[in-house]
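Asks: Below is the structure I would like to discuss, written out as structure tokens.
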Amino acid sequence: MRKHGIFIILIFLLSKSAAQEHFTFSPEVKNIYEKTLSLRMTEAHNLIDQSFSQDPNNLLLHLVEDYTDFFTVYINEDYEEFKSLVSNKDKRIKAVRKGPESSPYLLYCEADIRLHWALLHLRFEEYFSAFSEVNKAFKLLNKNRERFPDFMPNLKDLGILHAAVGTIPDNYRKGVELLTSLEGSIDQGQQEIEQVITYSQEHDFVFEAETKVLYAFLLLHLGNEKDKAWEVITTGGLKPESNPLHCFVLANLAMRTGRNDEAIQLLEQRPQSRAFLPLPYLEFMLGLAKLRRLDEDTDQFFLAYLNKTRGRHFIKEAWQKIAWAHLLAGNEKGYQSNILKCKTEGRASAGSDKNALKEAQSNQIPDIRLLRARLLFDGGYYQQAYDLLSNNRTKDFPDNYSKLEYTYRMGRILQGLKRNSDAIHFYQLTINAGKSEPWFFACNAALQTGMIYEDSGKKRAAIKAYKECLSINPDEYKTGLHQQAKAGLSRLGG
129 MRKHGIFIIL IFLLSKSAAQ EHFTFSPEVK NIYEKTLSLR MTEAHNLIDQ SFSQDPNNLL
189 LHLVEDYTDF FTVYINEDYE EFKSLVSNKD KRIKAVRKGP ESSPYLLYCE ADIRLHWALL
249 HLRFEEYFSA FSEVNKAFKL LNKNRERFPD FMPNLKDLGI LHAAVGTIPD NYRKGVELLT
309 SLEGSIDQGQ QEIEQVITYS QEHDFVFEAE TKVLYAFLLL HLGNEKDKAW EVITTGGLKP
369 ESNPLHCFVL ANLAMRTGRN DEAIQLLEQR PQSRAFLPLP YLEFMLGLAK LRRLDEDTDQ
429 FFLAYLNKTR GRHFIKEAWQ KIAWAHLLAG NEKGYQSNIL KCKTEGRASA GSDKNALKEA
489 QSNQIPDIRL LRARLLFDGG YYQQAYDLLS NNRTKDFPDN YSKLEYTYRM GRILQGLKRN
549 SDAIHFYQLT INAGKSEPWF FACNAALQTG MIYEDSGKKR AAIKAYKECL SINPDEYKTG
609 LHQQAKAGLS RLGG
């Protein structure tokens, strides 16, 4: 009898322990989440250890701990670190599966953890694993939506996935539909994110800042709404002076929306305390922003990035930008010695690194007029760029590449100046002369023509231009350009 009594007590205790497991976004969990998104990783880990000892059954601790791994690996880009931490994914999923079926966080936590690791697999070019994790996450989120249709964190993740699926080119879509459960459209995704934004304005929503950042980038990349994206991000309560991740987000949006001087100011005032996980890419961004303003001190920031980064991306591009800085200063020898580094340093996986390598392999020095105009345009200094190129003509350039780049750059600059009819004229010259060439100029000229027509309400002309963009297949930037054209057709119902 005594043995039976002990057995019953053990069963009771185990049942009680299981019943205590819960998902509670306590002040401690929220603090850890905020510390992590501020890249204060040492503080976050200390708080995680304390919280696990005080409330080990709060399963949301596994989710916020996964955020620390995600940002650490994504920013450091250290493959050995990735391999040492990837086993945490299954441990955390196993832990959160013990939670109560009555909680909307049960399936959401597993889905969010899988999305974190999908992005990390993608970071290290492990595409099959990334694809598999996204598919599993998508199924979990859909299942969770059926159970808890008003659970906003779930809608945050689904909105981004639906929008992303909506940009998949038609030639890949059938394969995606055949192999996965992924489906959605840009409009659907945007409406879902907007629903979450509205909810966050009326309720205390812990993921509010994260959602606004996702929404701003969605507007920028898929909605062709630069000013709205900037408005969303600048009213999102971000603190760039005390949070390097916020500094990155704001400076990135500033650089992509023609606010280069503002980006430089943000980056020069970036927080640099040892309390933060180092974010070397901010050095790269500052160098690039200053290069676009044709400042003379840019190479020091690219060198700082090269010295600090543990990653594999933007190495070749950094050497290319250092070479450009020397060329702009009239030092052709310095250009030659630095552009050669693109052949031996870094990897050619990112598009910008591939282009840097291609430039190094071409053994051709960029035309300094076109290079200056390109940089000034990218920085939003449209009038300066126009003044630089406006006295030139196509015949003033020696080869097909530079002739085509000239008409393309003139189109881009005139578009920036809102002289849209003139921009379309130069874009059409670019398309006519370059649609069979391997360079991206004609493809993007068609895309930008579509955007001009869309903005002016000329739906039929815009659809025609977007379709023309999709018919041009350059060797560079094709995926991104076609994705944007597809997004345009989706917006217009074409």
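Residue 129 is where the sequence shown starts when you use the working numbering, and the numbers rise one by one after that. Glycine is no exception: its CB is placed at the ideal position from the N, C-alpha and C atoms.
1. Mind listing, in chain order, the continuous beta strand (DSSP E) runs of no fewer than 3 residues lying wholly within the stretch 467–500?
2. Report yes or no: do three or more beta-carbon pairs, one from the stretch 433–447 and one from the stretch 462–476, lie closer than 8 angstroms?
3. Looking at the secondary structure, which residues open and close the alpha helix (DSSP H) in which Glu-363 lies?
4. With 16 as the cutoff for other CB atoms within 10 Å, does Ala-403 come out buried or exposed?
5. Could you check the C-alpha separation between Gln-489 and Asp-527 for me, to the nearest Å?
6. Using only alpha-carbon positions, find the residue among Leu-188, Phe-276, Leu-517 that is nearest to Ala-223.
7. Can you grab the Cα-Cα spacing for the pair Pro-184 / Leu-395, in whole Å?
8. Look up His-441 in the DSSP assignment and say whether it is helix, strand or coil.
9. Between the C-alpha atoms of Thr-363 and Leu-378, what's the straight-line distance to the nearest angstrom?
10. Measuring CA to CA, which of Phe-180, Ile-160, Phe-210, Ala-292 is closest to Val-192?
11. Report the rounded CA-to-CA distance for Ala-147 versus Arg-275, giving the unit in angstroms.
12. Going by DSSP, what residue range makes up the alpha helix (DSSP H) through Asp-527?
13. Quick check on DSSP: helix, strand or coil for Asn-270?
14. My output table needs one value for His-454: the three-state DSSP class, helix, strand or coil.
15. Would you mind reading off the limits of the alpha helix (DSSP H) that contains Val-377?
16. When burial is assigned at 16 or more other CB atoms within 10 Å of the CB, is Tyr-581 buried or exposed?
17. Does DSSP put His-610 in a helix, a strand or coil?
18. Under the assumption that Ile-321 contacts Leu-350 (Cβ atoms under 8 angstroms), give the Cβ distance between them as a whole number of angstroms.
19. Give the secondary structure of His-150 by DSSP, where H, G and I count as helix, E and B as strand, and everything else as coil.
20. Rounded to whole angstroms, what is the Cα-Cα separation between Asp-506 and Met-383?
21. Could you tell me whether the Cβ atoms of Ala-593 and Thr-577 are closer together than 9 angstroms?
22. When you compare the stretch 224–232 with the stretch 251–259, are there three or more beta-carbon pairs, one atom per stretch, that lie closer than 8 angstroms?
23. Suppose you measure from the CA of Gly-608 to the CA of Pro-155; what does that come to, to the nearest Å?
24. Measuring straight from C-alpha to C-alpha, what distance separates Gly-616 and Val-360?
25. CB-CB under 8 angstroms to Tyr-207, same chain, minus the five flanking residues each way: which ones, in chain order?
26. Straight-line CA distance for Lys-367 to Arg-398?
27. Within the chosen definition, does the stretch 445–463 reach the stretch 414–427 through at least 3 CB pairs nearer than 8 angstroms?
28. Taking the straight line between their C-alpha atoms, what separation do you get for Val-341 and Arg-220?
29. For Ala-265, which residues in the same chain have their Cβ closer than 6 angstroms to its Cβ, ignoring the five residues on either side in sequence?
30. Cα separation between Leu-235 and Thr-152?
31. Using only the alpha-carbon positions, how far apart do Tyr-605 and Ile-493 sit?
32. According to DSSP, simplified to helix, strand and coil, what is Asn-186?
Replies: Looking at the atomic coordinates:
1. none
2. yes
3. Reading the sequence as shown, one finds Thr at residue 363 and not Glu. Taken as a continuous stretch (DSSP letters only), Thr-363 belongs to no alpha helix (DSSP H), as it is neither H nor E.
4. exposed
5. 18 angstroms
6. Leu-188
7. 40 angstroms
8. coil
9. 11 angstroms
10. Ile-160
11. Any reading at Ala-147 needs caution, since the residue's pLDDT is 49, under 50, leaving its predicted position unreliable; the model's value is listed next. Going by the C-alpha atoms only, they are around 21 angstroms apart.
12. Per DSSP, Asp-527 belongs to no alpha helix (DSSP H) and is neither H nor E.
13. helix
14. helix
15. 372–384
16. buried
17. helix
18. Not confirmed; about 11 angstroms, so no contact.
19. strand
20. 8 angstroms
21. yes
22. no
23. 41 angstroms
24. 21 angstroms
25. Phe-252, Arg-440
26. 10 angstroms
27. yes
28. 26 angstroms
29. Ala-239, Arg-242, Leu-243
30. 14 angstroms
31. 21 angstroms
32. strand
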